[in-house]
Amino acid sequence: MTTFGLEGAHYLSNGWTLKALVGHSQSDWYLNDAYRSTGVDPDTGNIDRYTRRGWDDESRRKSLDIFATGPFALLGIDHEATLGFNYERYRGGEQFSLFEPKHSLKLYGTYRPGGSPWRISTGMIANSAIDGTGEEGVREGSGYAIFNAQLGYEFTSNTSVALAVNNLTDRRYYARIGGLNSYNTYSDPRSVAVSLRARF
Numbered sequence: 004m005t006t007f008g009l010e011g012a013h014y015l016s017n018g019w020t021l022k023a024l025v026g027h028s029q030s031d032w033y034l035n036d037a038y039r040s041t042g043v044d045p046d047t048g049n050i051d052r053y054t055r056r057g058w059d060d061e062s063r064r065k066s067l068d069i070f071a072t073g074p075f076a077l078l079g080i081d082h083e084a085t086l087g088f089n090y091e092r093y094r095g096g097e098q099f100s101l102f103e104p105k106h107s108l109k110l111y112g113t114y115r116p117g118g119s120p121w122r123i124s125t126g127m128i129a130n131s132a133i134d135g136t137g138e139e140g141v142r143e144g145s146g147y148a149i150f151n152a153q154l155g156y157e158f159t160s161n162t163s164v165a166l167a168v169n170n171l172t173d174r175r176y177y178a179r180i181g182g183l184n185s186y187n188t189y190s191d192p193r194s195v196a197v198s199l200r201a202r203f
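For the sequence shown, our numbering begins at 4 and goes up steadily by one.
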């Protein structure tokens, strides 16, 4: 497999930072037809999931990652935001990776009232569907979006406490799609964590 990428960054005068990463990968391995249709390779007993293909049949993936972070004002209130987006495109007739969504979106925002020790943060992570076999409708994990929130308080410049709630809506989804009897992993349920940080 061959992989290469190009990354660039641009810093704006208003405090925003923009970053982009363009990647290209290619492989001459593809998912065995027998494994894709049944989940079991009858010739090898579910071992050789991939078969080497010729140079002309290579599977290619092109990806684009965009990140942006910086301050903004909403309804007269200052916020800090982070945005991330990923897009992947496949060529060669086969999905390049069975464990990565084609689209993903991450949004995070932080609000700190002026002069206040409180900090409020929210976030969203959204992913498109994942095909566990490279073919839609067969062991497919549906797309999902999860929401997180955090409330923090700074006692001093060196000491702070935070209450975090992950997966606010307790969304249940497949975090990973694998074979018929392995690597099919459910997501983590709603969780609450309290952390105390101190610097000495």
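Every residue, glycine too, gets a C-beta built ideally from N, C-alpha and C. Owing to the predicted nature of the structure, the values given are computational and were not obtained by experimental measurement.
Alpha carbon to alpha carbon, how far is residue i from residue j?
{"i": "residue 72", "j": "residue 91", "result": "22 Å"}
{"i": "residue 190", "j": "residue 175", "result": "6 Å"}
{"i": "residue 118", "j": "residue 197", "result": "23 Å"}
{"i": "residue 167", "j": "residue 153", "result": "4 Å"}
{"i": "residue 20", "j": "residue 82", "result": "15 Å"}
{"i": "residue 120", "j": "residue 172", "result": "28 Å"}
{"i": "residue 103", "j": "residue 157", "result": "38 Å"}
{"i": "residue 25", "j": "residue 133", "result": "21 Å"}
{"i": "residue 107", "j": "residue 66", "result": "11 Å"}
{"i": "residue 109", "j": "residue 148", "result": "10 Å"}
{"i": "residue 86", "j": "residue 8", "result": "21 Å"}
{"i": "residue 155", "j": "residue 15", "result": "29 Å"}
{"i": "residue 180", "j": "residue 105", "result": "14 Å"}
Do residue i and residue j have their C-beta atoms closer together than 9 Å?
{"i": "residue 238", "j": "residue 126", "result": "Nothing can be reported for residue 238, as the shown portion of the chain is limited to 4 through 203."}
{"i": "residue 200", "j": "residue 164", "result": "yes"}
{"i": "residue 111", "j": "residue 124", "result": "yes"}
{"i": "residue 23", "j": "residue 69", "result": "yes"}
{"i": "residue 177", "j": "residue 169", "result": "no"}
{"i": "residue 113", "j": "residue 76", "result": "no"}
{"i": "residue 162", "j": "residue 122", "result": "no"}
Using 10 angstroms around the beta-carbon of residue i, count the other beta-carbons present and answer buried if the total reaches 16, otherwise exposed.
{"i": "residue 194", "result": "exposed"}
{"i": "residue 17", "result": "exposed"}
{"i": "residue 160", "result": "exposed"}
{"i": "residue 11", "result": "exposed"}
{"i": "residue 144", "result": "buried"}
Based on the DSSP secondary-structure assignment, which residues constitute the bridge partners of residue i?
{"i": "residue 198", "result": "165"}
{"i": "residue 74", "result": "83"}
{"i": "residue 170", "result": "According to DSSP, residue 170 bridges with nothing at all."}
{"i": "residue 68", "result": "24, 89"}
{"i": "residue 9", "result": "25"}
{"i": "residue 118", "result": "Bridge partners of residue 118: none, in fact."}
{"i": "residue 14", "result": "20"}
{"i": "residue 189", "result": "177"}
{"i": "residue 103", "result": "BP columns for residue 103 are empty, so no partner."}
Can you name the start and end residues of the beta strand (DSSP E) that residue i belongs to?
{"i": "residue 121", "result": "121–130"}
{"i": "residue 179", "result": "177–179"}
{"i": "residue 156", "result": "147–157"}
{"i": "residue 110", "result": "106–114"}
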